[in-house]
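Participant: Sharing a structure, written as structure tokens. Questions coming.
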Amino acid sequence: MSEHVLPEPVVRIEEVRELARDLVVIPNRRVQLVPNIGLIGGTHSVLVVETGMGPRNAETVLAFAAEHAAGRRLYLTTTHFHPEHAFGAQVFAGEATFLVNRAQAEDLTAKGAAYLDMFRGLGEPVARQLEGVEIATPDVVYDDAYDLDLGGRVVRPRAAGRAHSRGDQVITVPDAGVMFTGDLVEAGQFAIFPWFPPYDTDVSGTRWISVMRRLADASPRVVLPGHGDVGGPRLIADVRDYLELLRDETWARRDSAVGEQTIVEEVRALMIERHPEWAGREWIEKGVGCLCAEHPA
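Okay, here's the thing in structure tokens:
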């Protein structure tokens, strides 16, 4: 990611799309390190999903959310602790109730500062957006499941369990059939494996597969990925199938005592052949490394 200058990761209130009644998405426009951001409304409250990277982006999101809410109470949640998803939460202090699952709250506390330093090293455009970041403390923390009543609409945040991160969270809107997945699902790119041994090895390819199977069983009508275009249940199936193939091809070579670098080269070539149109090819190697570590000895 640091081998080239990344574009400015700026949230723009453009091409806002209504997915269902009083449920809109601010799309990431396929800009790296900009997440898809959602607003879910009920009669008395509005839930904002994701902040964008840093205070300036969060100010943009908050202003849009306040206008959309039109006097309704605001809540904020984030799908996981990574900077482009959660490192603007400080701006919502006093304006919204910040709600997350316990594992994500622990990630913010234990790893937030290290990720802030790491992302500042990705280049000046990213570092600029991270100026003034303070790691926020959630107002409400739940263990596994929470039902949030927005007034005539109940939204269901759920802890996914360790997968892309230790604290992944999925948010579903049952009356609309909409699911917010965060980086458990990406559209049009290879799964992001934050595999950075020895500093961070919380990502788990095997558990990620189990999570994707559960999400597929839920059969949402609309899937809002962490990055990329909004889609349907096929997005979940694509990620599940990719992860299963990545695991099977990696482990087959590991069983044959092939060296890890050879595994990377062979599996990378195979995955690109299967998905030549997908972005994020640098994450294939990280996925292979993670799955090599998870190979049953």
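For the record, in the sequence shown the residue sitting at position 225 is 225 according to UniProt numbering, with numbers rising by one throughout. For each residue, glycine too, the CB sits at the ideal point set by N, CA and C.
Which residues bound the beta strand (DSSP E) around T97?
Facilitator: 97 to 101
Participant: Helix or strand or just coil, what does DSSP make of I192?
Facilitator: coil
Participant: Excluding five sequence neighbours on each side, which residues of the same chain lie with their C-beta closer than 7 angstroms to the C-beta of A127?
Facilitator: R120
Participant: How big is the Cα-Cα spacing for H82 and S219?
Facilitator: 26 angstroms
Participant: Does DSSP put V173 in a helix, in a strand, or in coil?
Facilitator: strand
Participant: Taking the alpha-carbon of R153 as reference, which of A113, D22, R30, N101 has the nearest alpha-carbon?
Facilitator: D22
Participant: From which residue to which residue does the beta strand (DSSP E) around F180 run?
Facilitator: 178 to 186
Participant: Pick out whichever of Q129, I135, A293, I236 has its Cα sitting closest to the Cα of V170.
Facilitator: Ranked by how close their Cα comes to the Cα of V170, the residues Q129, I135, A293, I236 have I236 in first place.
Participant: Does DSSP classify T109 as helix, strand or coil?
Facilitator: Of the three classes helix, strand and coil, the one that applies to T109 here is helix, per DSSP.
Participant: Report all residues from its chain with a CB closer than 6 angstroms to the CB of L246; omit the five preceding and five following residues, and keep chain order.
Facilitator: G287
Participant: Tell me where the beta strand (DSSP E) around H227 begins and ends.
Facilitator: 222 to 227
Participant: Count the other CB atoms, across all protein chains shown, that sit within 10 Å of the CB of P157; report buried if there are 16 or more and exposed otherwise.
Facilitator: buried
Participant: Once the 5 residues before and after A105 are set aside, which same chain residues still bring their CB inside 7 angstroms of it?
Facilitator: Around A105: P138, V141.
Participant: With a threshold of 8 angstroms on Cβ separation, who are the neighbours of V239 within its own chain once the five nearest residues in sequence on each side are excluded?
Facilitator: L184, V185, E186, A191, M212
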